[in-house]
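Notes to accompany the following structure.
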Amino acid sequence: MVRVATVNQIIPFSCVDGPGSRLVIFLQGCNFNCKNCHNPHTIDMCDSCGDCVATCPVGALSLSLSEVTEAVITKPRVLWDSDKCTQCDTCLSTCPKQSSPKTRQYSVPQMLELIRSQVHFINGITVSGGEATLQLPFIIELFQAIKASPDLKHLSCMIDSNGYLSESGWEQVMPYLDGAMIDLKSWQQHTHHYITGRDNHRVFISLKLLAAEGKLYEIRLLYIPRVSDFDNEINAVAGYLSQLPASVRVKLNAFQHHGVTGEARQWGTCSEQQMQQLAAQLSQRGVRNLVLPNVYL
Ligand code: SF4
Ligand code: SF4
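Residue numbers (the UniProt record's numbering): 1 to 297.
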């Protein structure tokens, strides 16, 4: 059986998703349901209900025919014609599941071909999402193939994750993983649960495991004034961050409204001054390697 991944988007060149210049693969599907999600149409998987097909103004969506074999009848799948698509996003606002029909299936050989087309311009690849690790078997096969290819093995292989993957999952990918960027979305369990729909104990286990293996490249804290609790819990947060290995980047992200839907639209955004205050509080308590946003939009 050929292993494929459901991909929402591929950015051939990024400077903000890990070290150096990177090709970034955004996989569809997430196991968190963050109120602040900037790309909520990456959370759910399309079930090909077909509701969006008729709403596309340029006929870029269609339903495949059912396939009938002796054993099974497969139901129609929604098909997306990227050449016709004008990116108007009408389909996204139609979808009752907050999913997207604008995804593609990639096999590992197809992804390797794409990476080879960019190999002279990048230092590595990052698999992100959605939540990348929901498609872990694909990631492992892809990283294995990169490490085994003489023309690709110099590329670093990184994962950008919400940290919910189990220890056994990390252990499977660890031999082929060069580093991970992990989100810590709140300090207290109840705040984390309110924002994401899940608690954060598995996030802390992932951070500990990756730090011990020397593979925690970056921890990311999203600061949502009066919602996330990093300022209320500043001593505990600073104490935790300052015991991480000195090489770990502590990246502070400022909440903004871009792409956000629902009640989080009513939350206040994070200004540069608020971000600087949080950074100063952390720095005074011994946190090193802080990285602040370049823009506040
Ligand atoms: S974003 Fe593309 S596929 Fe979706 S409705 Fe608009 S043109 Fe059609
Ligand atoms: S994207 Fe949504 S509306 Fe369109 S077929 Fe998939 S589940 Fe149905």
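For each residue, glycine too, the CB sits at the ideal point set by N, CA and C.
Predicted model, so just to flag it, every value in this text is computed and none were measured.
### Query
Is it the case that the CB of D81 approaches a heavy atom of ligand 2 more closely than 7 Å?
For the purposes of this step, residue 81 is identified with residue 81 of the sequence shown, where counting begins at 1. No.
### Which residues DSSP lists as bridging C157, in chain order
Mapped onto the sequence shown, residue 157 falls at position 157. In the DSSP output, where bridge partners are listed per residue, C157 has I125.
### Query
Would you say P57 touches ligand 1, meaning its beta carbon is less than 7 Å from a heavy atom?
Translated into positions along the sequence shown, residue 57 becomes position 57. The answer is yes for P57.
### Task
Compare the C-alpha of N294 against each of K251, P150, G286 and name the closest.
The residue given as residue 294 occupies position 294 in the sequence shown. Among K251, P150, G286, the Cα nearest to that of N294 belongs to K251.
### Task
Select from D183, M174, C52 the residue whose C-alpha is nearest the C-alpha of I219.
Indexing the sequence shown from 1 puts residue 219 at position 219. If we check each option's Cα against that of I219, D183 comes out closest.
#### Entry: Distance cut 7 Å, beta-carbon to ligand 3 heavy atom: residue list by chain order
Questions concerning ligand 3 fall outside what the structure shown contains, since the ligands it does hold are ligand 1 and ligand 2.
#### Entry: Close-in-space but distant-in-sequence residues of the same chain around C85 (CB under 6 Å, 5 per side omitted)
Taking the first residue of the sequence shown as position 1, residue 85 is located at position 85. Once the five neighbours on either side are set aside, the close Cβ partners of C85 are A60.
### Whole runs of the alpha helix (DSSP H) within the region 187-270, excluding any shorter than 4 residues
189-196, 201-212, 234-242
#### Entry: Beta-carbon proximity check, Q105 vs P12, cutoff 8 Å
Start at 1 with the first residue of the sequence shown, and residue 105 comes out as number 105. Start at 1 with the first residue of the sequence shown, and residue 12 comes out as number 12. Taking 8 Å as the Cβ cut-off, Q105 and P12 do not qualify as a contacting pair.
### Task
Identify the continuous beta strand (DSSP E) that holds L23 and give its terminal residues.
Working through the sequence shown from its first residue, we reach residue 23 at position 23. Taken as a continuous stretch (DSSP letters only), the beta strand (DSSP E) holding L23 covers 22-27.
### Message
Does A5 pass the burial test, meaning 16 or more other C-beta atoms within 10 Å, or should it be called exposed?
### Response
By one-based count along the sequence shown, residue 5 stands at place 5. Buried, because 16 or more other Cβ atoms sit within 10 Å of the Cβ of A5.
### Task
Say yes only if the C-beta of T42 is nearer than 7 Å to one or more non-hydrogen atoms of ligand 1, and no if none qualify.
As a working note, residue 42 is residue 42 in the sequence shown. No, the Cβ of T42 stays beyond 7 Å of every heavy atom of ligand 1.
### Task
Evaluate V291 with the Cβ neighbour count: other Cβ atoms within 10 Å of its Cβ, from every protein chain shown; 16 or more gives buried, anything less gives exposed.
Reading the sequence shown from its first residue, position 291 is the one you call residue 291. So V291 ends up on the exposed side.
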